[in-house]
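Colleague:
In my numbering, the protein residues as written are 41 to 360.
1. Could you spell out the range, first to last residue, of the alpha helix (DSSP H) harbouring residue 51?
2. Please state the DSSP three-state secondary structure of residue 145.
3. Can you give me the C-alpha to C-alpha distance between residue 108 and residue 46, rounded to a whole angstrom?
4. Check the DSSP bridge columns for residue 309 and list the partner residues they point to.
5. Using C-beta distances below 7 Å, list every residue in its chain close to residue 186, excluding the 5 sequence neighbours before and after it, in chain order.
6. Got a sec? Which residues, its chain only, sit under 6 Å from residue 284 by beta carbon, not counting five neighbours each side?
7. Give the DSSP-derived three-state secondary structure of residue 275 in the structure shown.
8. On the premise that residue 256 lies in contact with residue 59, defined as a C-beta separation below 8 Å, what is that separation, rounded to the nearest angstrom?
9. If we ignore side chains and look at the alpha-carbon of each, how far apart do residue 298 and residue 258 end up?
10. Within a Cβ cutoff of 8 Å, which residues of the same chain sit near residue 223, ignoring the five residues on either side of it in sequence?
11. What is the residue span of the alpha helix (DSSP H) that residue 330 lies within?
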């Protein structure tokens, strides 16, 4: 158990440090803007590009892995959405945010740092693939569902163009595409550029986790949703379990790829769910509470998952 604690302590310690510093200094949330810009537009894209560019191209086209992971996520999304629609008498907008809270994990800020820490650099490829393809679907699903609810007044053409713009211009997706292209043509950056990318990559995980702690400290916890128990159970327990079963059944993936996907599925609700809720003015305070509480609960659930992985409780292939 000590090896697992040694693994997660620096990770969750950075989140707690950000939380503590934000509580002490009382800086406004807007003060985090430039750090978030550095993380999203510079550090994490550099990390994704650098590691993907070094990966053999044939390993970047594991469609069974990608489809299995996305299928697991949107099965959870569908379960929560259907339950919410039935119990709220057809409220689509709120049900969409609840479903995102149950299925959309913090794979951008928490995913790369924890997966690389737990499984090494080989985990960067499955993390990048999952992030890109799941976010492509997320970017499309949220505005589409809001349009169906009648709360989105944008014309269909502008809606489609907005979705495409978010996908094509997202820095993580651009960096991933460039990394895949570099792997395909066998491009290797000059040594000074390689060193520069290395410096940026090392800053990605610590800055992202610290910023997440600050964000959690400064967002309000005014209204806890009564659906929180279900959201937490789906996100932190059923999602990784389903991902593990589906990917074990779909293909013979390496241990690192399989467990990286399961770990990403086990991560708490993404802060982007709060951003989407705020954008549409739907379920905002409850979305914020879902992010904070699932993150706190994930200290136990993620630690437990890593313990099971490290000590062989979860075999690397459920269907040998």
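Even for Gly, the Cβ is constructed at its ideal location relative to N, Cα and C. Please read all numbers here as calculations on a predicted model, not as lab measurements.
Modeller: Reading off the structure:
1. Taken as a continuous stretch (DSSP letters only), the alpha helix (DSSP H) holding residue 51 covers 42–65.
2. strand
3. 31 Å
4. Note: residue 309 sits in a beta bridge opposite 145.
5. 133, 136, 192 and 320
6. 302
7. helix
8. Beta-carbon to beta-carbon, residue 59 and residue 256 are separated by about 6 Å, close enough to satisfy the 8 Å threshold.
9. 35 Å
10. 92, 93, 94, 95, 96, 97 and 100
11. 324–350
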